[in-house]
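Let me begin by presenting the structure, written as structure tokens, before commenting on it.
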Amino acid sequence: MHEESHKTIESRPGQWWLAKNGEAEGPLSHQEISDALKSNRIKTADYAYSSDQKEWKPLAAWSEFESGTEESVLQLPPAPPVESYSIKPFFTHPRLPPMANSICIYTLLISPWLWCFYFISLLHTGTALNENASLAGVEALFLFVNLFVSLVATVSLLIGGLRFRSLQRSGPTIIVYTITATLVIQVFLFLCMFALAAFTEQSDFIQQTAAVEMINYLSVIVGICELIFMIMVVLWFRRNARYLQLFSWSRD
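Mapping to UniProt numbering: the sequence shown position 102 is 102, numbers consecutive.
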């Protein structure tokens, strides 16, 4: 009699047993096991027995429960529509990821302020060579070219940032090309200034004050930080630009 009842229970469709401390707990339905997974009462590593397949396997190995993990309960809803934002940010866009918004903030806000910082620093420090030095004019020309290139790059980054913030596809292109061209020109000018210093006599250099040295040191630190961020921007765009939801026209 006991064997007949056991066969009757086992023959029911969709019956499951769970392994608990060496004993079989059940029979359970598919829904009961799914609910237990969602409530974290059991894990996908726990073994289960199917009356249909006649074997013990971890729940993760059963196709019936491969998507019934506890992660499905923790899934977050998609981002709210842009229309739900009561205040539209000026430097960022809700549909852009955090790194993209950081690039927008850099191009629209930080880059212009950095150019002003470099310009004011140059006004305070002046040239490194005496006025009567034979290569003083060459140094002044290099400084002017460097300042002009950085100004053009700042304006170009501002335009690219505005387009990128408006989700235009041309925004990342402008930003990447501007940064690449700026880095190439800056490296060339740095090598020229290095060669200029090598061909200049020590007596032609101006004795710098402590304030000038402090400003130069601060400018170098800020420039290195900006250089690292610019390289990160180029690498990030090369890897992630194709995944951004951008358009070929202006869209709010």
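Heads up, the beta-carbon is just placed ideally off N, CA and C, and yes, glycines get one too.
- Cβ contact annotation for ALA19 (same chain, cutoff 8 angstroms, sequence separation greater than five): GLU25, ASP46, TYR47, ALA48, TYR49 and TRP56, in chain order.
- Within the DSSP bridge table, the entry for PRO58 names TYR47 as partners.
- DSSP places GLU25 inside the beta strand (DSSP E), whose first and last residues are 23-28.
- Excluding five sequence positions before and after ILE159, the CB atoms of its chain that fall closer than 8 angstroms to its own CB belong to ILE174, given in chain order.
- Exposed is the label assigned to MET232, since fewer than 16 other Cβ atoms lie within 10 Å of its Cβ.
- Inclusion of LEU244 and ALA153 in the CB contact set at 8 angstroms is not warranted, their separation being larger than that value.
- Restricting attention to alpha helix (DSSP H) runs no shorter than 4 residues, the stretch 77-142 encloses them at 98-105 and 111-125, ordered along the chain.
- Under the DSSP assignment, ALA19 falls outside any alpha helix (DSSP H), being part of the beta strand (DSSP E) whose first and last residues are 16-20.
- Membership of ALA211 in the alpha helix (DSSP H) is indicated by the continuous run 210-240.
- Straight-line measurement puts the Cα of SER166 at about 33 angstroms from the Cα of VAL220.
- By the CB criterion at 8 angstroms, ILE105 and PHE117 fall outside the cutoff.
- Short of 6 angstroms from the beta carbon of ARG239, and not among the five residues preceding or following it, lies no beta carbon of its own chain.
- CA-CA distance, ALA128 to GLY161, rounds to 35 angstroms.
- In the DSSP assignment, THR173 falls within the alpha helix (DSSP H) that extends over 170-198.
- As a beta-bridge residue in DSSP terms, PHE247 pairs with GLN168.
- In this structure the stretch 138-153 lies against the stretch 181-201, because at least three pairs of beta carbons, one per stretch, are closer than 8 angstroms.
- The residue among PRO97, GLY126 and THR107 with its C-alpha nearest the C-alpha of ILE215 is GLY126.
- C-alpha of SER29 to C-alpha of LEU59: approximately 13 angstroms in a straight line.
- With contact defined as three or more Cβ pairs closer than 8 angstroms, the stretch 133-149 and the stretch 223-230 are not in contact.
- The Cβ atoms of ARG169 and PHE237 do not sit closer than 8 angstroms to each other.
- Of the candidates PHE144, GLY171 and VAL212, the residue whose Cα lies closest to the Cα of LEU96 is GLY171.
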